[in-house]
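Engineer: Following this note's numbering, the residues of the sequence shown are numbered contiguously, the last one being 366.
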Amino acid sequence: MADKKGLLVLVLAALVTGVSFALPNFKLSAGIGGFGGISTSQDIYFKGGGGYGLGSINVGGYAFFDATYLELSLGVSGGPNYLSLWDSSNSGDIPRYDLSKTNFSIGLLVKYPFKTTEKLSLFPLLGINYMLAFLVEGEGEKYDEPNDFSEFWLEIGAGMDYSFTQNIYLRFTPLLGFRLPTKYEKDLMERRDGYTERAAISVTARLAVGFRF
154 MADKKGLLVL VLAALVTGVS FALPNFKLSA GIGGFGGIST SQDIYFKGGG GYGLGSINVG
214 GYAFFDATYL ELSLGVSGGP NYLSLWDSSN SGDIPRYDLS KTNFSIGLLV KYPFKTTEKL
274 SLFPLLGINY MLAFLVEGEG EKYDEPNDFS EFWLEIGAGM DYSFTQNIYL RFTPLLGFRL
334 PTKYEKDLME RRDGYTERAA ISVTARLAVG FRF
């Protein structure tokens, strides 16, 4: 019986040791950086003719807080948006309206880092990003309800941390996003008898400097 208990203790110790080596050290850090992204058009085609589309370019800065497996980010961004809204009478001549949109964003990413060398670590990313539009301008006027253009994104991607010192590192994170309809788009769809839609897809690249506590 004593031999069995001793063997069990050795097995448990081996498992704990293996898990401790498999998991990266838990650390806290924060940083600041910039990003740029472009999205394809979010398209809606109405039954009976006509449609809607909105594509955008978005550039800004952000700050992040990292807890090894989670990254929380806050940012401010803006850029041109290209809105098209037409009906069956346009006969192929689709009008386009240029919008300027400024956003406050909050994002949350789940990550799992793999240390490849002493200085380099890689990690997959999965999360969400909400872009609150607080200023929308177009055709010489401001929109009274800019929040109608706020966007909710689902994001997947990867990241890389390169350590310059024990406490300072460079973070690069490319992300692929898939957007849900905005309130403005939902209101358009509710006023129509039928429609088909195609979700916008975005590609974003972020570069930041991080500081470990």
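Virtual Cβ for every residue (Gly too), placed ideally from N, Cα, C.
With distances taken from CA atoms, which of Q195, G203, F179 and P233 is nearest G347?
Structural biologist: The shortest C-alpha separation from G347 is found at G203.
Engineer: On the DSSP bridge list, what partners appear for L207?
Structural biologist: Paired residues: Q195 and L236.
Engineer: Assign A361 to one of three DSSP states: helix, strand, or coil.
Structural biologist: Correct three-state label for A361: strand.
Engineer: Can you give the Cα-Cα distance for L360 and G330, rounded to whole angstroms?
Structural biologist: Computed Cα separation, rounded: 17 Å.
Engineer: For S253, does the count of other Cβ atoms within 10 angstroms reach 16, so buried, or fall short, so exposed?
Structural biologist: It counts as exposed.
Engineer: Please report how far the alpha carbon of S241 lies from the alpha carbon of K200, in whole angstroms.
Structural biologist: Distance between the alpha carbons of S241 and K200: 10 Å.
Engineer: Hey, would you say P285 sits closer than 8 Å to N300, going by beta carbons?
Structural biologist: The sequence given here places Leu at residue 285; Pro does not occur at that position. Yes, these two residues count as a Cβ contact at 8 Å.
Engineer: Looking at the structure shown, is K295 part of a helix, part of a strand, or coil, going by DSSP?
Structural biologist: In the structure shown, K295 sits in a strand (DSSP, three-state: E or B).
Engineer: Taking Y315 as the reference, give the member of G208, T335, E271 and L207 with the closest Cα.
Structural biologist: Nearest option by C-alpha distance: E271.
Engineer: Assuming E338 and I197 form a contact by the criterion Cβ under 8 Å, report the distance between their Cβ atoms to the nearest whole angstrom.
Structural biologist: The pair is a contact, with the Cβ atoms about 6 Å apart (cut-off 8 Å).
Engineer: Here's the rule I'm using: 16 or more other beta-carbon atoms within 10 Å means buried, otherwise exposed. How should E224 be labelled?
Structural biologist: So E224 counts as buried.
Engineer: Out of N256, V229, N320 and D251, which has the shortest C-alpha to C-alpha gap to G293?
Structural biologist: Nearest of N256, V229, N320 and D251 to G293, Cα basis: D251.
Engineer: If I follow the unbroken beta strand (DSSP E) through E304, where does it start and stop?
Structural biologist: First-last of the beta strand (DSSP E) with E304: E304 to S316.
Engineer: At which residues does the alpha helix (DSSP H) containing L341 begin and terminate?
Structural biologist: Here the alpha helix (DSSP H) through L341 covers K336 to E343.
Engineer: Going by other Cβ atoms of all chains shown within 10 Å of its Cβ, with 16 needed for buried, is Y265 buried or exposed?
Structural biologist: Counting Cβ neighbours within 10 Å, Y265 comes out exposed, since fewer than 16 surround it.
Engineer: If you draw a straight line from the C-alpha of T318 to the C-alpha of K180, how long is it?
Structural biologist: Rounded to whole angstroms, T318 to K180 spans 15 Å at the Cα level.
Engineer: In the DSSP assignment, what are the bridge partners of I259?
Structural biologist: Answer is L227 and Y283.
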